[in-house]
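Participant: Okay, here's the structure, questions in a sec.
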Amino acid sequence: MIMDRFLVKGAPGGLLGRRETRQTAEGRAELEGEEESSRKRRRREAPGDGVAPTAPSWQPIRAQSLNCDYTVLFSKAEADEIFRELEKDLEYFTGALARVQVFGRWHPIPRKQATYGDAGLTYMFSGLTLTPKPWIPVLQRVRDRVSLVTGQTFNFVLVNRYKDGLDHIGEHRDDEKELAPGSPIASVSFGACRDFLFRNRGSRGKKASGKAEVVRLQLAHGSLLMMNPPTNTYWYHSLPVRKKVLAPRVNLTFRRMLPALK
Ligand SMILES: O=C(O)CCC(=O)C(=O)O
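Going by UniProt numbering, the residue at position 37 of the sequence shown is 37; the numbering climbs one at a time, nothing skipped.
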């Protein structure tokens, strides 16, 4: 049996309780009833007006061993500006780093990727030891806003760019050995709103217990999803193909990595 949970869209009786949400034409998740006041709040948060952003309103997303929190962090105007800057300034992997080997054959990765971070960090990718590019202002701006509202610090970001709904990422866990134990991962999305799925570890593979539990989210333009421990130990996540999505999307996952061993 598949226990499907649609979150963020606000299924009746879902984990969001009475705080129903709806998608606007721009693909943003908004809380009904709070719409007017949040619009005023967003106006006050307009970039450059010198007013510190107010605390975001978090939507807890919980299931057994799944501990996430979701919010729309950036106003539409700010998210549009950041998205434009990301599209202009990010430099993605090319050549061997843009391919993946599956059962001995090489395929292009079905999206574009890049990494940025603190000097001195290294990480393994496709069997290679790589160093991230130095931070650029637009990534520092997003990272610093996430740190401001979460109290967490990050020294690395993985960028995934999906040109349209055909680009995707398969089921995986972010369980790299370089991640600082017990640290959360902050996932910030810009551009097209896409479905994002969690599937619990027990429902995968030959030893599956038979009860697949799927938690579905829609990640809106300017949104932040905090994936807190132990989510990544017990739940796989993916961004599936959605043929009807024609617009691009850029996702930033901010991480805390252990310093490279000398
Ligand atoms: O694009 C997304 O929302 C997912 C990215 C992802 O799965 C990852 O960075 O590990």
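All residues carry an ideal CB built from backbone N, CA and C; glycine is no exception.
Computed from a predicted structure; not experimentally measured.
#1: Go ahead and pull the three-state DSSP assignment for G117.
#2: Taking the alpha carbon of L139 as the reference point, which residue from F125, L130, T129 and F154 has its own alpha carbon closest?
#3: Roughly how many angstroms separate the alpha carbons of F93 and E85, rounded to a whole number?
#4: List the DSSP bridge partners of V102.
#5: With 16 as the cutoff for other CB atoms within 10 Å, does P137 come out buried or exposed?
#6: Is Y162 a contact residue of ligand 1, with contact defined as CB to any heavy atom under 8 Å?
#7: Report the start-end ranges of each beta strand (DSSP E) in the UniProt domain "Fe2OG dioxygenase" (153-258) that is 3 residues or longer and not cut off at the edges.
#8: How do the segment 224-235 and the segment 121-136 stand: do at least 3 beta-carbon pairs fall below 8 Å, yes or no?
#9: Just reading off the alpha helix (DSSP H) that A77 is part of, what are its end residues?
#10: With I61 and L217 assumed to form a contact (beta carbons below 8 Å), what rounded beta-carbon distance in angstroms separates them?
#11: Could you give the residue range of the alpha helix (DSSP H) that holds R141?
#12: Taking 6 Å as the limit between beta carbons, can you name the residues of its chain near D174, skipping five residues before and five after?
#13: Enumerate in chain order the residues of its own chain whose CB-to-CB distance from I169 is below 7 Å, with the five nearest sequence positions on each side excluded.
#14: Spatial neighbours of V241 within its chain, please: CB distance less than 7 Å, with the 5 preceding and 5 following residues excluded, ordered by chain position.
#15: Below 8 Å CB to CB, which residues in the same chain sit around E35 once its five sequence neighbours on both sides are set aside?
#16: Helix, strand or coil for A260, going by three-state DSSP, please let me know.
#17: Please classify A192: is it buried, with 16 or more other beta-carbons within 10 angstroms of its beta-carbon, or exposed?
#18: Does Q101 have its Cβ less than 9 Å from a Cβ in chain B?
#19: Run through the DSSP bridge pairs and tell me what F93 is partnered with.
#20: DSSP on L66, reduced to helix/strand/coil?
#21: In terms of residues, what are the limits of the beta strand (DSSP E) holding L73?
#22: Which one of Y70, V250, V142 and P56 has the shortest CA to CA distance from K163?
#23: Take P108 and list the residues in its own chain whose beta-carbon comes closer than 7 Å to its own, dropping the five residues that flank it on each side.
#24: When the Cα atoms are used, what is the spatial distance from E45 to S57?
#25: Relative to ligand 1, is the shortest distance from any of its heavy atoms to the C-beta of T253 smaller than 8 Å?
#26: Of the choices Q64, S65, T71 and A63, whose alpha-carbon is the least far from that of T54?
#27: Checking 9 Å against the spacing of the C-beta atoms, do V157 and Y116 come in under that value?
Facilitator: Well, looking at it:
#1: By 1-based counting over the sequence shown, the position of residue 117 is 117. Correct three-state label for G117: strand.
#2: Counted from its first residue, the sequence shown places residue 139 at position 139. The candidate whose alpha carbon is nearest that of L139 is F154.
#3: In the sequence shown, counting from the first residue as 1, residue 93 sits at position 93. In the sequence shown, counting from the first residue as 1, residue 85 sits at position 85. One C-alpha to the other measures close to 18 Å.
#4: Start at 1 with the first residue of the sequence shown, and residue 102 comes out as number 102. DSSP lists R105 as partners of V102.
#5: Working through the sequence shown from its first residue, we reach residue 137 at position 137. Label assigned to P137: exposed.
#6: In the sequence shown, counting from the first residue as 1, residue 162 sits at position 162. It does: the Cβ of Y162 is within 8 Å (strictly closer) of some heavy atom of ligand 1.
#7: 156-162, 169-172, 185-191, 194-200, 212-219, 223-228, 235-239 and 249-255
#8: no
#9: Translated into the one-based positions of the sequence shown, residue 77 becomes position 77. Element bounds for A77: K76 to D89.
#10: Numbered from its first residue, the sequence shown carries residue 61 at position 61. Numbered from its first residue, the sequence shown carries residue 217 at position 217. Going by Cβ atoms, the distance from I61 to L217 rounds to 7 Å, so yes, they are a contact pair.
#11: On the sequence shown, position 141 is the one that residue 141 refers to. Element bounds for R141: P137 to T150.
#12: Numbered from its first residue, the sequence shown carries residue 174 at position 174. Around D174: I185 and N232.
#13: Residue numbering aside, residue 169 sits at position 169 when the sequence shown is read from its first letter. Closer than 7 Å at Cβ, skipping near neighbours: R111, N160, S238 and L239.
#14: If you number the sequence shown from 1, residue 241 lands on position 241. For V241, where only same-chain residues beyond five positions count, the Cβ hits under 7 Å are G165, L166 and H168.
#15: Here the question's residue 35 lines up with position 35 in the sequence shown. Only weak support exists for where E35 lies, its pLDDT of 35 falling under 50; the coordinates are left without a value.
#16: Counting from 1 along the sequence shown, the entry for residue 260 is found at position 260. Three-state DSSP puts A260 in coil, outside helix and strand.
#17: Here residue 192 refers to the residue found at position 192 of the sequence shown. With 16 or more Cβ atoms within 10 Å of its Cβ, A192 is classed as buried.
#18: Reference to chain B is not applicable here, since this structure consists of a single protein chain.
#19: Here residue 93 is taken as the residue at index 93 of the sequence shown, counted from 1. DSSP, once it has assigned bridges, lists no residue as partnering F93.
#20: Translated into positions along the sequence shown, residue 66 becomes position 66. DSSP places L66 in strand when its eight states are reduced to three.
#21: The count along the sequence shown starts at 1 and reaches residue 73 at position 73. That residue, L73, is in no beta strand (DSSP E); it is neither H nor E in DSSP.
#22: The residue you call residue 163 lines up with position 163 of the sequence shown. Taking only the C-alpha atoms, the option nearest K163 is V250.
#23: Along the sequence shown, one-based indexing puts residue 108 at 108. For P108, where only same-chain residues beyond five positions count, the Cβ hits under 7 Å are A98 and R99.
#24: The residue given as residue 45 occupies position 45 in the sequence shown. The residue given as residue 57 occupies position 57 in the sequence shown. Confidence at E45 is low in this model, with a pLDDT of 40, below 50, so the placement of that residue should be treated as unreliable; the coordinate-derived value is given next. Taking the straight line joining both Cα atoms gives about 14 Å.
#25: Your numbering for residue 253 matches position 253 in the sequence shown. Yes, since a heavy atom of ligand 1 falls inside the 8 Å radius drawn around the Cβ of T253.
#26: Along the sequence shown, read from residue 1 onward, the residue named residue 54 stands at position 54. Considering only alpha carbons, the answer is T71.
#27: Stepping through the sequence shown from its first residue, residue 157 is reached at position 157. Stepping through the sequence shown from its first residue, residue 116 is reached at position 116. Result yes, Cβ atoms of V157 and Y116 sit closer than 9 Å.
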